[in-house]
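Undergrad: Residues 509 to 1022, numbered by our numbering, are exactly what the sequence shown covers, in order.
The structure under discussion is supplied below as C-alpha cells; questions concerning it will follow.
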Amino acid sequence: MKKGTVYLVGAGPGDPGLITVKGLACIQKADVIVYDRLASPKLLSHAAPGAELIYVGKSPAGHAMTQEEINQLLVERALKGQVVVRLKGGDPFVFGRGGEEAEALAEAGVPFEVVPGITSVVAVPAYAGIPVTHRNCTSTLAVITGNEDPSKESSRINWEKLATGADTLVLLMGMANLESIVKQLTSHGRDPQTPVAVICWGTRPEQKTVVGTLANIVSRTMEAGVTNPAVIIVGEVVTLREKLSWYEKKPLFGKRVLVTRSREQASQLSRAIEALGGEAVEFPTIQIVEPESYEPMDAAIARLDSYRWIIFTSVNGVRFFFARLLQQGKDVRDLKGANLCAIGPKTKEALERYALKVTYVPDEYRAEQIIAGLKGQIKPGDRILLPRADIARKVLTELLSGLGAVVDEVVAYRTIPAGEDTQLVRQMLAEGKIHIITFTSSSTVRNFVELLKEYKLPRLLQGVTVACIGPVTAQTARELGLPVHVQARRYTIEGLLEVVIEAAQGRNHDDQYQ
C-alpha cells in the first residue's frame, strides 16, 4: 500500500484568519486532522466531508494523548495511506514539539512536510499593539520557553546571560512560572522597573492584556485572573502599546457573533463582523435550494410580455429567476415591457448588475410598504409576477389582489433547514462563548429554534444579545419565545450591524424588545 503524507501545519495563534494559504489547502484535502487545543475550531469547518477529526489537545489540567501516542497515531495513519494534517497552534517548530513529531515520522520512513504557521511570538504582541522590535528601543529579541521551571538546577535556560543579553524577551507558556521568571530576571541584573505585558488568549475575542513592570506584574496578573495560554513580553517595547493598540479598540472586540444566514450568504455578514474586531461563528440554519418543480416559473417566463410589474423581494429571488431565465433561452431583453420593483437596496443592486433599471424601492423594506408606494400605479387587471421563496408571507399577494391585480406568485427557490454544527453551537452557548446572535429572516429564527428544541433555550440564551434585521423577523422570534434585544432601524445587513455595534458597546440595548 502506498504511504500517505503527514503535513505538520501551523494553525497560527488563534485568529482563524491567520492560517496560511498553504495550511488551509492542506486542511481541505486531509483524510485525517489531528488537532490541538489552541487550533481554532473554525479551521475545522474547512475539512473535507467525511474527514476524521481527532482531538489531542494538551493543557495544564491534562493531556488527551501523550506526545508518544500522538507520534504513533501520525505514523499509523500515514502507513494506512491516508493524508494526515497535524494541526498545531502557532508554528510547529516554535516550542510546538513539531520537531519530535517530524523525527518520529522520519524514523518510520513516512513522508512529511512542514507548513510554517504565524507564531504567537510576534502575532500575539502585535494584536496587543506591541512590536517585538522597534528601531528606537530594541535591536535584539530572545524567545524563551516559560514551561521549564526556572529555579531547577538542571535548567537549560541561561538566565544570567538572557536577563540583560536581549532588549526584548518573549516567553511562551510561562504563566505558571511567572513569579520564578521574574525572580530569575531581576536577580540576574534586569531592572525591576522594566515594562512587562502579559497577554492571554491573544488574537481571540477573549484576549486580555495586563501591563506592569517586573516589580508588580505578578500581583497585577493575579488580580486580573490571567491564565494560560499567555505570552509574556519583557522590554521597553511594551510602552508602545499605549500608542499602537488597535485590535482591542475595534467596536466588536471581545464579541463572538453567531451568524444564522444560509452558507451562501453568511460570508458577507461574517466578513463585516470580523473587520469590526468580532469573531463570526457561522451556523447556517437554512439552506437555499432550487424549487421542487420549475413548471410554474417556466410558464411565467414564457409569458413575460404579459406582466406590467415584476416584484423581487430578495436577492435570492433575483439570482434564481435570472438563472432560470437564461436556461430557458431568454435574457433581459424579454423584460422590456415590465416595471421592476425591489424590496430593498441589496435586491436593487442585484437587478442593476444585469443593467436593469429599477422603477421602485420602498423607503421601508417590507411588503406593506411596497403596496403603499405602488397603490396609485397599479390598475385593476394589471398582471404582476412575484418570483419568491416557497415560505414567503402571503400578505403581499393578498394586498396586490386587493388592488385588482392578477398576481402570479411562483416559487423561485426553497428554504430548507440546515444546521450541521448544532452540537458545537449548543456547547458554545452553554459555555458563554456566544455573545450575540443575528437573525436575518423569519426562517432563520424558526429553524434555529427547531434545531435547538431539545435544549432549554432560555437558559442557553442567558446573557446573549438577540439581534433581528427587522420587525417581521423580530415578531417571529417573540412568537417562538426568544427575547429580542435589538432590531435594525434600516432592514439591511448594514442596519443590523449598526445596532449590533451599539449593543456591544452598551448603547441602545432597548428593553422594549425583551
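We put the CB at the ideal spot given by N, CA and C, even for glycine.
Pull up the DSSP beta-bridge partners for glutamine 795, would you.
TA: What you label residue 795 is simply residue 287 of the sequence shown in a count that begins at 1. According to DSSP, which records beta bridges pairwise, glutamine 795 is partnered with Ile924.
Undergrad: Please state whether the Cβ-Cβ distance between valine 840 and lysine 856 is less than 8 Å.
TA: Locating residue 840 in the sequence shown gives position 332, counting from the first residue. Locating residue 856 in the sequence shown gives position 348, counting from the first residue. Not closer than 8 Å, so no.
Undergrad: Along the beta strand (DSSP E) that carries glycine 598, what are the first and last residues, could you check?
TA: Residue numbering aside, residue 598 sits at position 90 when the sequence shown is read from its first letter. Careful: glycine 598 lies outside any beta strand (DSSP E) and carries neither H nor E.
Undergrad: Please determine whether the Cβ atom of tyrosine 999 lies at a distance below 7 Å from any heavy atom of the ligand ATP.
TA: Among the ligands in the structure shown, none appear at all, so the ligand ATP cannot be discussed.
Undergrad: Have a look at valine 514 and threonine 627 and give me their C-alpha separation to the nearest angstrom.
TA: For the purposes of this step, residue 514 is identified with residue 6 of the sequence shown, where counting begins at 1. For the purposes of this step, residue 627 is identified with residue 119 of the sequence shown, where counting begins at 1. Cα to Cα, the separation comes out at about 20 Å.
Undergrad: Give the secondary structure of aspartate 916 by DSSP, where H, G and I count as helix, E and B as strand, and everything else as coil.
TA: Locating residue 916 in the sequence shown gives position 408, counting from the first residue. DSSP places aspartate 916 in strand when its eight states are reduced to three.
Undergrad: Could you spell out where the beta strand (DSSP E) holding lysine 716 opens and where it closes?
TA: By one-based count along the sequence shown, residue 716 stands at place 208. Its beta strand (DSSP E) spans residues 716-721.
Undergrad: Would you say aspartate 898 and proline 799 are within 8 Å of each other, going by their C-beta atoms?
TA: Numbered from its first residue, the sequence shown carries residue 898 at position 390. Numbered from its first residue, the sequence shown carries residue 799 at position 291. Contact flag set, yes.
Undergrad: What did DSSP end up calling cysteine 976 once you bin it into helix, strand or coil?
TA: Here the question's residue 976 lines up with position 468 in the sequence shown. Three-state DSSP puts cysteine 976 in a strand.
Undergrad: Does leucine 766 come out as helix, strand or coil in the three-state DSSP assignment?
TA: If you number the sequence shown from 1, residue 766 lands on position 258. The answer is strand: DSSP assigns leucine 766 an E or B state.
Undergrad: Examine chain B for any beta-carbon lying closer than 8 Å to the beta-carbon of isoleucine 535, and answer yes or no.
TA: The chain labelled as chain B is not found in the depicted structure, where only one protein chain is given.
Undergrad: Compute the Euclidean distance between the alpha carbons of glutamine 835 and tyrosine 755, then round it to the nearest angstrom.
TA: Counting from 1 along the sequence shown, the entry for residue 835 is found at position 327. Counting from 1 along the sequence shown, the entry for residue 755 is found at position 247. The alpha-carbon atoms of glutamine 835 and tyrosine 755 are separated by roughly 47 Å.
Undergrad: Quick check: valine 690 and isoleucine 741, are their CB atoms within less than 8 Å of each other?
TA: One-based indexing of the sequence shown puts residue 690 at position 182. One-based indexing of the sequence shown puts residue 741 at position 233. Their beta carbons are not under 8 Å apart, which means valine 690 does not touch isoleucine 741 by this criterion.
Undergrad: Indicate whether glycine 518 and proline 600 have their beta-carbon atoms separated by less than 8 Å.
TA: As a first step, residue 518 is located in the sequence shown; it is residue number 10 there, counting from the start. As a first step, residue 600 is located in the sequence shown; it is residue number 92 there, counting from the start. Their beta carbons are under 8 Å apart, which means glycine 518 touches proline 600 by this criterion.
Undergrad: Alpha carbon to alpha carbon, what distance is there between asparagine 824 and valine 914?
TA: Position 406 of the sequence shown holds residue 914. Position 316 of the sequence shown holds residue 824. So the two alpha carbons sit approximately 23 Å from each other.
Undergrad: Does DSSP put leucine 752 in a helix, a strand or coil?
TA: Residue mapping note: residue 752 aligns to position 244 of the sequence shown, counting from 1. Reduced to three states, the DSSP call for leucine 752 is helix.
Undergrad: Let me check understanding here. Comparing Cα to Cα, which of Gln536, Thr574, Arg545, Lys566 lies closest to proline 557?
TA: Along the sequence shown, one-based indexing puts residue 557 at 49. Cα-wise, what sits closest to proline 557 is Gln536.
Undergrad: I'd like to check one pair, glycine 1014 with tyrosine 999: are the Cβ atoms closer than 8 Å?
TA: Here residue 999 refers to the residue found at position 491 of the sequence shown. Here residue 1014 refers to the residue found at position 506 of the sequence shown. For tyrosine 999 and glycine 1014, no; Cβs fall outside 8 Å.
Undergrad: Can you give me the Cβ contacts of leucine 766 inside the same chain, cut-off strictly under 6 Å, excluding the 5 residues immediately before and after it?
TA: Mapped onto the sequence shown, residue 766 falls at position 258. Val789, Phe791, Ile942, Ile945, listed in sequence order.
Undergrad: Using 8 Å as the threshold, is the region 618-626 in touch with the region 529-543, meaning 3 or more CB pairs across them?
TA: The region 618-626 vs the region 529-543: in contact.
Undergrad: Go to asparagine 847, then tell me how far its beta strand (DSSP E) extends in each direction, as first and last residue.
TA: As a first step, residue 847 is located in the sequence shown; it is residue number 339 there, counting from the start. From DSSP, the beta strand (DSSP E) with asparagine 847 extends over 847-850.
Undergrad: Tell me, please, which residues DSSP counts as bridged to serine 817.
TA: Along the sequence shown, read from residue 1 onward, the residue named residue 817 stands at position 309. Here residue 817 is tryptophan; the residue named in the question, serine, does not match the sequence. Looking at the DSSP assignment, tryptophan 817 forms a beta bridge with Asn847, Ile892.
Undergrad: How would you call glutamine 776, buried or exposed, if buried means at least 16 neighbouring beta carbons within 10 angstroms?
TA: Your numbering for residue 776 matches position 268 in the sequence shown. The residue in question, glutamine 776, is exposed, as its Cβ has fewer than 16 Cβ neighbours within 10 Å.
Undergrad: Among Thr768, Pro759, Val640, which has the Cα closest to the Cα of arginine 954?
TA: Start at 1 with the first residue of the sequence shown, and residue 954 comes out as number 446. Of Thr768, Pro759, Val640, the residue nearest in Cα terms is Thr768.
Undergrad: Between Thr930, Ile1001, Ala614, which lies nearest to serine 778 when the distance is taken from Cα to Cα?
TA: Within the sequence shown, the letter at position 270 stands for residue 778. Nearest C-alpha to serine 778: Ile1001.
Undergrad: What separation, rounded to the nearest whole angstrom, lies between the Cα atoms of arginine 664 and threonine 952?
TA: Taking the first residue of the sequence shown as position 1, residue 664 is located at position 156. Taking the first residue of the sequence shown as position 1, residue 952 is located at position 444. Distance between the alpha carbons of arginine 664 and threonine 952: 56 Å.
Undergrad: Could you check whether the region 608-617 touches the region 723-730, counting it as contact only if at least three pairs of C-beta atoms, one from each stretch, sit closer than 8 Å?
TA: These segments do not touch.
Undergrad: According to DSSP, is glutamine 885 part of a helix, a strand, or is it coil?
TA: Taking the first residue of the sequence shown as 1, we reach residue 885 at position 377. Reduced to three states, the DSSP call for glutamine 885 is coil.
Undergrad: For aspartate 813, count the other beta carbons within 10 Å of its own beta carbon; 16 or more makes it buried, fewer makes it exposed. Which is it?
TA: Here the question's residue 813 lines up with position 305 in the sequence shown. It is exposed - the Cβ of aspartate 813 has fewer than 16 other Cβ atoms within 10 Å.
Undergrad: Could you check whether glutamine 701 and threonine 721 sit closer than 8 Å to each other, using their CB atoms as the reference points?
TA: Position 213 of the sequence shown holds residue 721. Position 193 of the sequence shown holds residue 701. Yes, they are a contact pair.
Undergrad: Hey, which unbroken runs of the alpha helix (DSSP H) at 4 residues or more fall wholly within the region 509-587?
TA: For the region 509-587, whole alpha helix (DSSP H) runs of length 4 or above, ordered along the chain, are 529-537, 549-552, 575-587.
Undergrad: Jot down the residue ranges of each uninterrupted beta strand (DSSP E) in the region 949-1016, minimum 3 residues, whole runs only, in chain order.
TA: Taking only runs of at least 3 residues, the beta strand (DSSP E) segments lying wholly in the region 949-1016 are 973-976.
Undergrad: Would you mind giving the Cβ-Cβ distance between leucine 911 and lysine 883, rounded to the nearest angstrom? I have them listed as a contact below 8 Å.
TA: Start at 1 with the first residue of the sequence shown, and residue 911 comes out as number 403. Start at 1 with the first residue of the sequence shown, and residue 883 comes out as number 375. Yes, leucine 911 and lysine 883 are in contact; Cβ-Cβ is about 7 Å, under 8 Å.
Undergrad: Using only alpha-carbon positions, find the residue among Lys964, Met681, Thr672, Asp806 that is nearest to glutamate 656.
TA: Position 148 of the sequence shown, counted from the start, is the residue given in the question as residue 656. For the residues Lys964, Met681, Thr672, Asp806, the minimum Cα distance to glutamate 656 belongs to Met681.
Undergrad: Are the CB atoms of glycine 522 and glycine 710 within a distance shorter than 8 Å?
TA: As a position in the sequence shown, residue 710 is number 202, starting the count at 1. As a position in the sequence shown, residue 522 is number 14, starting the count at 1. Their beta carbons are under 8 Å apart, which means glycine 710 touches glycine 522 by this criterion.
Undergrad: Rounded to a whole number of angstroms, what is the C-alpha to C-alpha distance between glutamine 1020 and histidine 993?
TA: The residue labelled residue 1020 in the question sits at position 512 within the sequence shown. The residue labelled residue 993 in the question sits at position 485 within the sequence shown. Because the pLDDT at glutamine 1020 is just 36, under 50, the model does not fix this residue reliably, and the value given afterwards should be weighed accordingly. Spanning the two alpha carbons is a distance of roughly 8 Å.
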